[in-house]
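Accompanying notes for the structure given below.
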């Protein structure tokens, strides 16, 4: 998997806390900052969306309009378009 | 031992950190600001709906009861619409402003536990907030944006703007800065210290509640008192949010079931999905479903406000009809019952409350006070204890966790077997159940809520809200399979808001120094003009200062709570509480059945009383030394270095300074003066005089809801923080050290005549005149060993409560164990202790409270 992605960006992760999460594939509790494995699947997050533009570190806009943050879940967003 | 699955869950919990995230605050704020101009309560409901709808669901393995406040196991989040000042970085002007008006004084004197799930330091991409909560660094900029967006619009800011119009406001600032008062409640923990009412969702389901509101809208639209229309609309919106939230979890469970290879787990996920789908619309059919729905609404309420002490109340009696039915039909057995109850304990233990450091650390010690009451009486006055409650006690032993704590509503009609089960649980060292006097509570309730129409039958529906707040209830007619069951539930909003903790030793200190606070250099009160030539003059000056403090704090807190009810009215909680739905009014508009719910809380009463006894004897009667010499000794802490040098915050070894010899005699006379807890009339009569006066004077102050206020006498953890702001006292207590805990517990080591002498001292006044009293006892495990030990323990509980006392609770623990735990916390992750109204993991307590628990008198015999 590409090195810049970590488990916290993976759809297969269930967050436990700010440090760890449970992988639903291998059933293990891992650091969410661990480098992603080959089962990595993009979580629907604003930062992976075509409509996201960064305005400063960890802050961005949706369609150049609405203030959002890159890790915000876009699971229920009908306009979400994966860019990566 | 807990079930194997629960054991694994618990092990996971011990490794989990308190985690905050921005999901709920982001969506709430976004929706709020997109609806500028909307009717306020509807605007809030829309914000709540969107936030609930967008919460990411997490389901962890082995959970039979699912759903959490956030996606994190110990999840919580800031609510900048309530308060923002404590998020500010130290360099920020907003933070400095907050310091200037005394709002952060308690935060500065608070120490969190350094272990367990507390995120005490930043690192590993995680920011520590208030030494307790971890926030991913990627979410910090959005938190700061939210805080800025809400600046000038939050409950804290609006309340602050208007409280300044109270004529004595400047005095209030000095009171807060000097820590005469612990905290404001309007924007910190505006709800809680009350009992949930699960009746409506259990009886009608979410769709039934929505239908009810829709019918009401048809009745009230366009009619006078139009606020009802907006309330019903808001209730519908909020319930729709909760419904979608449940369905999102159902979808997650389905997804997990699809991905799961293990057939047993696959089945459990699928059943969870089916259960949640059903409950998103309908009332429960089984015990399991009923328990899940209670939990869902419990956290739905916790998510709508910053809340501590939202107690499940008499949950075992609420759920009993389903349990009995399922046991009879064979759906349920004892093992399954225990597994579900242990799951429930884990879910409650996962709860965190995100409030300021001063409140979460200095008051709550990280606890959330979900108190489950058992026993008491039925509507028609018979014992209400049932078999399910026996299992609830059992699960508190097999799965010992801080939440929910248990309280027995002790009544002479309760069966011996039930009481002995409670004693068996106490002996495990869990710190629960606490024991409270059913009759004394009901006497208080009738006195306080009688003017609002409370009957004796109503009074029997009471339960403890929060750690020890007597809270009114109501009997609700649950219809199940053609039968009517009268189930109890809460019938009022927060029963502990108003004046939150006045430090009585601090007020006495200010009396002796003519209103000047030596620690901060502030003039808190104007010169009282008494020469203090007699003991009576000290009393008069104290009453004067105390009354001034209550007056200004009452007025300012009324303003703050008015801002709260206008900006962030409670909607979900109101939809559950009788009679809000019937009246079309939320709790803030007095929609609840009972509304005389504001109180005045005090702390340090025993140190204050002991100090008065010492002054009376040493200064005014025997003239062993002058008042000026006393004051000098206080300033010098009787010749002892500050607590930092000793690093021990309670009574114990301290570093003596070069001047110490000068103060030895005075210190000894102070320590030798009569002390509360020994059945000594000299000091007990002072205690009675204080209690009689305090309990009566509270009624002179009027709450936001236009009702007289009442006294509340618990310490929670304030005896640590408030002691840290108070210099040495005439009772011999050294500067900046912790007060006695509770309200009728003796100061550590000063109760020397055994438990019965302590009981006599504690009951010289009428406990039913107060919302509560609090007595903590530490007993060495050897004393209660075996069956004889159990009987002895039950005997002393009965002996105390039969004197009309309100409450007693126990730490059955060896002090040596606690000392070792302080040295080697890594070996004691599971150790729990009873503090004051709550049980907490030792490693998550701040050192001042740990020191105080160690220093408490350890009873090695109780006969």
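Residue numbers (this note's numbering), protein chains in the order written: chain B, 1 to 84; chain Z, 85 to 947.
C-beta: ideal position from N, C-alpha, C; glycine also.
Remember, it's a predicted structure, so these values are computed and weren't measured experimentally.
Classify residue i as buried or exposed, calling it buried when 16 or more other Cβ atoms lie within 10 Å of its own Cβ.
| i | result |
| --- | --- |
| residue 259/Z | buried |
| residue 465/Z | exposed |
| residue 1002/Z | Because residue 1002/Z is not part of the residues shown, which for chain Z are 85 to 947, the question remains open. |
| residue 532/Z | buried |
| residue 294/Z | buried |
| residue 118/Z | exposed |
| residue 211/Z | buried |
| residue 566/Z | exposed |
| residue 568/Z | exposed |
| residue 1/B | Any reading at residue 1/B needs caution, since the residue's pLDDT is 44, under 50, leaving its predicted position unreliable; the model's value is listed next. Its Cβ having fewer than 16 others within 10 Å, residue 1/B is exposed. |
| residue 475/Z | buried |
| residue 771/Z | buried |
| residue 50/B | exposed |
| residue 719/Z | exposed |
| residue 329/Z | buried |
| residue 577/Z | buried |
What residues in its chain sit with their C-beta under 7 Å from that of residue i, if we drop five residues either side in the sequence?
| i | result |
| --- | --- |
| residue 72/B | 45, 46 |
| residue 898/Z | 864, 865 |
| residue 77/B | none |
| residue 512/Z | 481, 484 |
| residue 837/Z | 762, 763 |
Leaving out five residues before and five after residue i in sequence, what residues of the same chain have Cβ atoms less than 6 Å from its Cβ?
| i | result |
| --- | --- |
| residue 853/Z | 779 |
| residue 528/Z | 554, 852 |
| residue 175/Z | For residue 175/Z, the predicted model reports a pLDDT of 43, less than 50, meaning its position is unreliable; a value from the coordinates is still stated below. Answer for residue 175/Z: no residue qualifies. |
| residue 649/Z | 672 |
| residue 398/Z | 457, 547, 572 |
| residue 792/Z | 783 |
Compare the C-alpha of residue i against each of the options and name the closest.
| i | options | result |
| --- | --- | --- |
| residue 396/Z | 709/Z, 217/Z, 836/Z, 660/Z | 660/Z |
| residue 424/Z | 148/Z, 638/Z, 697/Z | 148/Z |
| residue 841/Z | 235/Z, 494/Z, 763/Z | 763/Z |
| residue 860/Z | 748/Z, 883/Z, 882/Z, 896/Z | 896/Z |
| residue 699/Z | 682/Z, 543/Z, 720/Z, 617/Z | 617/Z |
| residue 75/Z | 454/Z, 392/Z, 872/Z, 849/Z | The structure shown has nothing for residue 75/Z, since chain Z only spans 85 to 947. |
| residue 924/Z | 671/Z, 514/Z, 878/Z | 514/Z |
| residue 223/Z | 109/Z, 582/Z, 549/Z | 109/Z |
| residue 717/Z | 744/Z, 341/Z, 405/Z | 744/Z |
| residue 1032/Z | 614/Z, 634/Z, 596/Z | Any answer about residue 1032/Z is impossible in this case: the structure gives chain Z only from 85 up to 947. |
| residue 269/Z | 684/Z, 929/Z, 709/Z | 684/Z |
| residue 557/Z | 460/Z, 440/Z, 490/Z | 460/Z |
| residue 300/Z | 627/Z, 310/Z, 316/Z, 283/Z | 316/Z |
| residue 525/Z | 927/Z, 891/Z, 282/Z, 114/Z | 891/Z |
| residue 91/Z | 120/Z, 129/Z, 131/Z, 145/Z | 145/Z |
| residue 363/Z | 354/Z, 291/Z, 421/Z | 291/Z |
| residue 383/Z | 238/Z, 693/Z, 452/Z, 338/Z | 452/Z |
| residue 150/Z | 169/Z, 240/Z, 429/Z, 537/Z | 429/Z |
| residue 448/Z | 936/Z, 938/Z, 537/Z, 928/Z | 928/Z |
Apart from the five residues just before and just after residue i, which ones in its own chain have a Cβ nearer than 8 Å to its Cβ?
| i | result |
| --- | --- |
| residue 253/Z | 247, 636, 640 |
| residue 217/Z | 102, 103, 104, 160, 203, 436, 438 |
| residue 403/Z | 371, 374, 375, 378, 472 |
In chain order, which alpha helix (DSSP H) runs of at least 4 residues are fully inside the stretch 655-691 of chain Z? 656-660, 664-667
Which runs of the beta strand (DSSP E) fall wholly inside the stretch 361-440 of chain Z and span at least 3 residues, in chain order? 391-395
Would you mind listing the beta strand (DSSP E) stretches within the stretch 493-530 of chain Z that are 3+ residues and don't spill past its ends, in chain order? 518-521
Using Cβ-Cβ distances below 8 Å, what residues of the stretch 219-241 of chain Z are close to chain B? 219, 220, 221, 222, 223, 224, 225, 226, 229
Just list the beta strand (DSSP E) runs in the stretch 806-894 of chain Z, keeping only unbroken ones of 3 residues or longer that don't cross its boundaries, in chain order. 860-863
What are the start and end residues of each continuous alpha helix (DSSP H) run of 4 or more residues lying completely inside the stretch 215-258 of chain Z, in chain order? 224-234, 239-247
Using a Cβ-Cβ cut-off of less than 8 Å, give me the residues of the stretch 120-153 of chain Z that come near chain B, in sequence order. 137, 138, 140, 142, 143, 144, 145
Could I get the ranges of all uninterrupted alpha helix (DSSP H) runs contained in the stretch 734-771 of chain Z, with 4 residues as the minimum, in chain order? 744-756
Taking only beta carbons into account, state which residues of the stretch 21-53 of chain B come closer than 8 Å to chain Z, listed in chain order. 22, 24, 25, 27, 29, 33
Short-range partners of chain B found in the stretch 329-350 of chain Z, where Cβ spacing is below 7 Å: 340, 343
Of all the residues that make up the stretch 85-102 of chain Z, which are near chain B by a beta-carbon distance shorter than 7 Å? 100, 101
Mind listing, in chain order, the continuous alpha helix (DSSP H) runs of no fewer than 4 residues lying wholly within the stretch 267-341 of chain Z? 283-304
Residues from the stretch 58-71 of chain B in contact with chain Z, defined by Cβ distance under 9 Å: 58, 59, 66, 67, 68, 69, 70, 71
Scan the stretch 107-121 of chain Z for residues whose Cβ lies nearer than 8 Å to a Cβ of chain B and list them as they occur along the chain. 107, 110, 114
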